[in-house]
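Everything on this sheet refers to the single structure shown next.
Right, here's the structure in full:
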């Protein structure tokens, strides 16, 4: 079996993997599925997000052919490894097989002079990577489920006001990494939404259900506020994406919810998204230049 032309290595959770899929979609011919190397991540939730046939998993033979030589994780390490090798042929093989995003905070991966087969790896957390083929990325997603539609419809019927998603990242691991925000930030963001929109209703969700349950009542002086009922990972995402406006943490999950709403609104500037800036404490830029 011939080695594939381009394959994308998956890392992280479903929303992280969605960025990697989107990059793969952008560099893969439209008529072909995106080839995935799943050796370092579980793709089960990503498959839940996508249409059947949107991806193809590398076969064992393809995976071995791509990974039989060492694949350094960072450009500097890769170059040091190559510099230590005497064989020009080995240097060429290693140099062409792996392309690594130089810095996850930047949009930088040049494949123009790359010779296949190639394995690309990185976070690719910026819409600039796939902007020109965003329609294909969205078309690859599974349809919006009835559970998501009903959850949002029920909320809107009760509240009779524009729906504002409040997506709170919580948890000890995220806090240790510096990826969470003080709960007061979300209160301030909700106040800003009221100042901008007037009447609005807040639909709250979090990695930690207890955080959402405690926060929702605390902003009812600003307008109706409810916790999104339990749904599947993908139905939750799509329910949030059906909201009119978004308050999101520095989370790829929240980002995709807001971006899909943005896409559905044809990137209308009247779709308001409030987010932390900088995106995380490392100083990363927000993965959308419009917000």
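Residue numbers (this note's numbering): 1 to 291.
C-beta: ideal position from N, C-alpha, C; glycine also.
On a predicted model such as this, the values are computed, not experimentally measured, just so you know.
Residue range of the alpha helix (DSSP H) that includes residue i
i           : result
residue 248 : Careful: residue 248 lies outside any alpha helix (DSSP H), inside the beta strand (DSSP E) at 245-248.
residue 205 : Taken as a continuous stretch (DSSP letters only), residue 205 belongs to no alpha helix (DSSP H), being part of the beta strand (DSSP E) at 201-206.
residue 168 : Here residue 168 belongs to no alpha helix (DSSP H); instead the beta strand (DSSP E) covers 163-168.
residue 218 : 209-218
residue 134 : 134-139
residue 225 : No alpha helix (DSSP H) contains residue 225, which is instead part of the beta strand (DSSP E) from 225-227.
residue 56  : Careful: residue 56 lies outside any alpha helix (DSSP H), inside the beta strand (DSSP E) at 55-57.
residue 150 : 146-159
residue 20  : 14-27
residue 260 : 252-264
residue 290 : Premise fails: residue 290 is in no alpha helix (DSSP H) and is neither H nor E.
residue 235 : 233-241
residue 187 : 183-197
residue 175 : 172-177
residue 50  : No alpha helix (DSSP H) holds residue 50; DSSP gives it neither H nor E.
For residue j and residue i, the rounded distance between their alpha carbons
i           : j           : result
residue 162 : residue 190 : 13 angstroms
residue 43  : residue 37  : 10 angstroms
residue 220 : residue 181 : 20 angstroms
residue 57  : residue 193 : 43 angstroms
residue 76  : residue 143 : Reliability of the predicted coordinates at residue 76 is poor, the pLDDT of 48 falling under 50, and the value obtained from them is presented with this limitation in mind. Going from the Cα of residue 76 to the Cα of residue 143 covers about 42 angstroms.
residue 246 : residue 8   : 30 angstroms
residue 214 : residue 127 : 33 angstroms
residue 168 : residue 210 : 11 angstroms
residue 196 : residue 31  : 44 angstroms
residue 216 : residue 204 : 6 angstroms
residue 249 : residue 275 : 6 angstroms
residue 61  : residue 135 : 32 angstroms
residue 261 : residue 154 : 18 angstroms
residue 184 : residue 13  : 27 angstroms
residue 188 : residue 218 : 12 angstroms
residue 165 : residue 186 : 11 angstroms
residue 267 : residue 279 : 20 angstroms
residue 244 : residue 124 : 26 angstroms
Nonlocal neighbours in the same chain, by C-beta distance under 7 angstroms from residue i, ignoring five residues either side
i           : result
residue 239 : 148, 151, 152, 228 and 231
residue 133 : 25 and 26
residue 256 : 15, 18 and 237
residue 34  : 8, 21, 24, 25, 28, 54 and 55
residue 223 : 161, 194, 199, 200, 201 and 202
residue 265 : 271
Cβ distance (whole Å) where residue i is taken to contact residue j below 8 angstroms
i           : j           : result
residue 23  : residue 129 : 5 angstroms
residue 63  : residue 39  : 6 angstroms
residue 120 : residue 6   : 7 angstroms
Sequence-distant residues of the same chain with beta carbon closer than 8 angstroms to residue i, five excluded per side
i           : result
residue 156 : 163 and 201
residue 269 : 290
residue 17  : 10, 11, 41, 43, 45 and 46
residue 296 : Past the boundaries of the shown model lies residue 296; the chain is included only from 1 to 291, so the question cannot be answered.
residue 314 : Because the chain spans 1 through 291 in this model, residue 314 falls outside it and cannot be assessed.
residue 263 : 134 and 138
Buried/exposed call for residue i, threshold 16 Cβ in 10 Å
i           : result
residue 146 : exposed
residue 177 : exposed
residue 139 : exposed
residue 2   : Its pLDDT being 47, under 50, residue 2 is placed unreliably in this model, and the value from its coordinates should be taken loosely. Its Cβ having fewer than 16 others within 10 Å, residue 2 is exposed.
residue 252 : buried
residue 118 : buried
residue 277 : exposed
residue 51  : exposed
First and last residue of the uninterrupted beta strand (DSSP E) at residue i
i           : result
residue 118 : 118-121
residue 36  : 34-37
residue 6   : 6-9
Neighbourhood of residue i by C-beta, 6 angstroms cutoff - its chain only, sequence neighbours within 5 removed
i           : result
residue 242 : 152
residue 234 : 48 and 49
residue 273 : 246, 258 and 291
residue 159 : 201 and 224
residue 212 : 204, 205, 206 and 227
residue 254 : 167 and 248
residue 288 : 127
residue 131 : none
Near the ligand COA: residue i beta-carbon under 7 angstroms from a heavy atom
i           : result
residue 129 : The model on display carries no ligand, and the ligand COA is accordingly not part of it.
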